[in-house]
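FYI, in our numbering the residues of the sequence shown are 134 to 347.
Report on the following structure.
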Amino acid sequence: MIRILLADDHALVRAGVRRILDAEPDMEVVAEASNGAEAIELAREHRPDLAVLDISMPRMTGLQAVQEIKRRSPSTQALMLSMHDNEQYFFTALKAGAAGYVLKSVADEDLVSACRAAVRGDSFLYAGVASTLVRDFLDRMKRGERTPSSVLTPREDEVVKLIAEGYSSREIAKILVISHKTVERHRANVLAKLGMRDRTELTRYAIRAGLIEP
134 MIRILLADDH ALVRAGVRRI LDAEPDMEVV AEASNGAEAI ELAREHRPDL
184 AVLDISMPRM TGLQAVQEIK RRSPSTQALM LSMHDNEQYF FTALKAGAAG
234 YVLKSVADED LVSACRAAVR GDSFLYAGVA STLVRDFLDR MKRGERTPSS
284 VLTPREDEVV KLIAEGYSSR EIAKILVISH KTVERHRANV LAKLGMRDRT
334 ELTRYAIRAG LIEP
């Protein structure tokens, strides 16, 4: 039996995806999360074989969560579930440790196959991604060659996401368990790196980077 953790901030989406998975005799959804932080805790508690994570969720994205889940439980495979047919998100998901990327628009066709592939240790590549680009990317990773990385650090991404969601610096400090001064330092560093001036520009960046939904 493939034990699955499902994470998506939309209850209706979770219900639909769960119906697809529970219809399979060899699959069982053992836990559901509504954000990335909750997914990490449930993964620690249940140790699922597979985590199916939405890319865009509040508090912490699926991309941020998958890195922590893989760090804590390397045997747990991960699939990203997304509405974005976007190569940038796809490659970022691979770098984060996901075994594949499934578009919500065709989840009823691709999700079960993707789950089985991930648990076998295989990658699942959705049809819209050029196979030559994917092979090149994976080959470079296997050879240990450098691949393009984000301008911001993972912690800076966390701060930007929370700023864009409307949290104050003191609230962010409490959520991330860091000092108010550290939040302000991260904010200043982010603005300098991106050449931006205020929350509005950071929010636009967060949407483009897939940290929040528009």
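Note that CB positions come from ideal geometry on N, CA and C, so glycine has one too.
Item, Value
"Spatial distance of V252 from K314 (CA atoms)", "43 Å"
"Euclidean distance between Cα positions of A348 and L212", "Absent from the model: residue 348. The displayed extent of the chain is 134 to 347, so no value can be given."
"Proximity of S167 and P191 at Cβ, strictly below 9 Å", "yes"
"From D159, E165, D142, residue whose alpha carbon lies closest to that of R151", "E165"
"Secondary structure, beta strand (DSSP E): runs of 3+ residues fully inside the region 149–233", "160–166, 183–187, 210–215"
"Cβ separation of E161 and M193, assumed to be a contact under 8 Å, to the nearest whole Å", "So it is not a contact: roughly 25 Å between Cβ atoms."
"Sub-9 Å separation of S206 and A250 beta-carbons", "no"
"Status (buried if at least 16 other CB within 10 Å, exposed otherwise) for E334", "exposed"
"DSSP three-state assignment for I340, whether helix, strand or coil", "helix"
"Minimum C-alpha distance to A170 - residue among E304, H217, V199", "V199"
"Whole-number beta carbon distance between L285 and K237, since they are thought to touch under 8 Å", "About 26 Å; that fails the 8 Å criterion."
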